[in-house]
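If you read the sequence shown in this note's numbering, its first letter stands for residue 20, the second for the next number, and so on.
Working notes, beginning with the structure itself.
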Amino acid sequence: MRRRALLGLLLCLTGCAGLSADPDAGKARQFDVAGYFTGRLKAWGIVEPRFGGTVRQFTVELEGRRDGDDVVLDEQFLFSDGERQQRLWRVRRQADGSYRGEAADVPGGAAGREDGASFSWNYDLDLKVGGSSWRIAFRDWMFRIDDEVVLNRAFLRKWGIPVGEVTIAFRKLS
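Here is the structure:
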């Protein structure tokens, strides 16, 4: 009986796999970092500690502009506990198609690569924790859902040990 139910579920899911409400389904979507992050955006996110504890919520107001070959992205964070942070990114596409980014609290810069509708972004970030600063490795995966929405999952490590995850939903406003 279990096998039959499992087989029925599998057949149903397989049969529905070709259906989509997205009229662009099947078309190759490109992430287009410069195009997406130019203009005004808003984002909503959560920080989930690896070993339990309080989930921290935040919003981000973003403003991106082109400056020559660079995209300058001003991020204004507001956390649910009232803390505010700002990060000013300068991002440039390299000759090989990869991306390099710089921000004051990102020692060594960031490296990224587009792959179709996804964008991977790797960097170390100096985070203020209490009265000290911790260097945390961020490994972001962004997925361009449509012209307005990008979903981002970031995996955080300290000394190679997973310490948390960040989930962010971006929405392009302009």
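All C-beta atoms, glycine included, are put in the ideal place defined by N, C-alpha and C.
{"Item": "Terminal residues of the alpha helix (DSSP H) in which residue 52 lies", "Value": "52-55"}
{"Item": "Beta strand (DSSP E) runs contained entirely in the region 88-151, provided each spans 3 or more residues", "Value": "89-98, 103-112, 118-121, 129-134, 137-148"}
{"Item": "Simplified DSSP state of residue 164, which is helix, strand or coil", "Value": "coil"}
{"Item": "Straight-line Cα distance separating residue 109 from residue 88", "Value": "10 Å"}
{"Item": "When 175, 177, 160, 176 are compared against residue 169, the one with the closest alpha-carbon", "Value": "160"}
{"Item": "Own chain residues within Cβ distance below 7 Å of residue 137, not counting five before or after", "Value": "50, 160, 161, 162"}
{"Item": "Separation of residue 146 from residue 95, as counted between CA atoms", "Value": "15 Å"}
{"Item": "Beta-carbon contacts of residue 61 that lie in its chain and below 8 Å, excluding the five residues immediately before and after", "Value": "78, 79, 80, 81, 189, 190, 192"}
{"Item": "Supposed close pair residue 173, residue 182 - CB separation, criterion 8 Å", "Value": "Going by Cβ atoms, the distance from residue 173 to residue 182 rounds to 11 Å, so no, they are not a contact pair."}
{"Item": "For residue 41, the three-state DSSP class (helix, strand or coil)", "Value": "Per-residue confidence for residue 41 stands at a pLDDT of 47, beneath the threshold of 50, marking its modelled position as unreliable; the derived number appears in the next sentence. Here residue 41 sits in coil by DSSP."}
{"Item": "Counterpart residues of residue 63 in DSSP-defined beta bridges", "Value": "78, 188"}
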